[in-house]
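Student: Numbering (our numbering), first residue to last: 27 to 227. Even glycine gets a Cβ: it sits at the ideal position worked out from N, Cα and C. Remember, predicted model here, so these are calculated numbers, not experimental data. A single structure is presented below for examination.
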Ligand SMILES: Cc1cc2nc3c(=O)[nH]c(=O)nc-3n(C[C@H](O)[C@H](O)[C@H](O)COP(=O)(O)O)c2cc1C
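Here is the structure:
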């Protein structure tokens, strides 16, 4: 099967992150974004791909900050209320019945009930043909303790990160599963030693 344009989200499960921003006028906004990726380790830079007509993009241009909220499957019900077009003067927390969560390093609030909050300041904007790449500097990443395993990993069974695959009928929601197998970073190196071993504690 050859995947044509617009059908290509079908083969690669994508995260559904909720981007919260605040306009210069103080109106809070939320939008789901799936085109999101870290820019290499140590995950202090993150990239969002945005279409031009997004209040999210306008707010980030104005205020130079945003929160990436990572949420579990209960947020499935919040995708459409936050993705549906609404005018910039509409507070989308109220629209989606979500509660703002004060951020520590920026003014834009996060969303209560997410399992992690990545506070970001704008590190750069790259405008392409029909898209804009937003680069965010992660100023703080907090994960709710209840979603962590005793050794500090994300507990996938508890967090159930919201993801999706695209298909002919729209978005199909899914999550990530633990395969109960790990490799050390050092295993990638001939001497078996992770050159960054000292930085994790
Ligand atoms: C699951 C999902 C993922 C989405 N991912 C993106 C994305 O990565 N980039 C984008 O520009 N729009 C994306 N959208 C569309 C925006 O969420 C939608 O246009 C929203 O209304 C934008 O809100 P805003 O104008 O308040 O920013 C996505 C929508 C859904 C439902």
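#1: Is the beta carbon of residue 45 closer than 8 Å to that of residue 92?
#2: Residues in its own chain within less than 8 Å of residue 71 by CB, not counting five upstream and five downstream?
#3: Can residue 90 be considered in contact with ligand 1, in the sense that its beta carbon sits closer than 7 Å to one or more heavy atoms?
#4: Could you pull the start and end residues of the alpha helix (DSSP H) that residue 153 belongs to?
#5: Please tell me whether, using a cut-off of 7 Å, the distance from the CB of residue 55 to the nearest non-hydrogen atom of ligand 1 is below it.
#6: Output needed for residue 157: all residues of its chain with C-beta closer than 6 Å, excluding positions within five of it in sequence on either side, in chain order.
#7: Where do the N-terminal and C-terminal ends of the alpha helix (DSSP H) with residue 125 fall, by residue?
#8: Ends of the alpha helix (DSSP H) at residue 183?
#9: Based on Cα-Cα distance, which residue from 175, 195 and 201 lies nearest to residue 273?
#10: How would you write the range of the beta strand (DSSP E) that residue 48 sits in, first residue to last?
#11: Any heavy atom of ligand 2 within a distance shorter than 7 Å of the CB on residue 75?
#12: Between residue 80 and residue 109, is the Cβ-Cβ spacing less than 8 Å?
#13: Taking its Cβ as the centre, do 16 or more other Cβ atoms sit within 10 Å of residue 114, making it buried, or is it exposed?
#14: Cβ of residue 101 versus every heavy atom of ligand 1: is any distance shorter than 7 Å?
#15: For ligand 1, I want to know if residue 200 counts as a neighbour, meaning its beta carbon is within less than 7 Å of at least one of the ligand's heavy atoms.
Tutor: Considering the structure as presented:
#1: The sequence position of residue 92 within the chain shown is 66, counting from 1. The sequence position of residue 45 within the chain shown is 19, counting from 1. Residue 45 sits close to residue 92, with the two beta carbons spaced by under 8 Å.
#2: Translated into positions along the chain shown, residue 71 becomes position 45. A distance below 8 Å between beta-carbons, with the five flanking residues on each side excluded, links residue 71 to the following residues of its chain, in chain order: 64, 65, 149, 161, 162, 163 and 164.
#3: On the chain shown, residue 90 is found 64 positions in, with the first residue counted as 1. Not so, every heavy atom of ligand 1 lies at least 7 Å from the Cβ.
#4: Mapped onto the chain shown, residue 153 falls at position 127. Segment 142-153 is the beta strand (DSSP E) holding residue 153; no alpha helix (DSSP H) there.
#5: Numbered from 1 along the chain shown, position 29 holds the residue referred to as residue 55. Under cutoff, so the answer is yes.
#6: The residue you call residue 157 lines up with position 131 of the chain shown. 75, listed in sequence order.
#7: Start at 1 with the first residue of the chain shown, and residue 125 comes out as number 99. Here residue 125 belongs to no alpha helix (DSSP H), and DSSP marks it neither H nor E.
#8: Along the chain shown, read from residue 1 onward, the residue named residue 183 stands at position 157. Looking at the DSSP string, the run of the alpha helix (DSSP H) that includes residue 183 is 182-185.
#9: In this structure the chain extends from 27 to 227, so residue 273 is not present and cannot be described.
#10: Taking the first residue of the chain shown as 1, we reach residue 48 at position 22. Taken as a continuous stretch (DSSP letters only), the beta strand (DSSP E) holding residue 48 covers 43-48.
#11: No copy of ligand 2 occurs in the structure displayed; its ligands are ligand 1 alone.
#12: Walking along the chain shown from the start, residue 80 turns up at place 54. Walking along the chain shown from the start, residue 109 turns up at place 83. No, they are not a contact pair.
#13: Position 88 of the chain shown, counted from the first residue, corresponds to residue 114. In summary, residue 114 is exposed, with fewer than 16 beta-carbon neighbours lying within 10 Å of its beta-carbon over all protein chains present.
#14: Within the chain shown, residue 101 is the residue found at index 75, counting from 1. No heavy atom of ligand 1 is found nearer than 7 Å to the CB of residue 101.
#15: Translated into positions along the chain shown, residue 200 becomes position 174. Incorrect: residue 200 has no Cβ contact closer than 7 Å to ligand 1.
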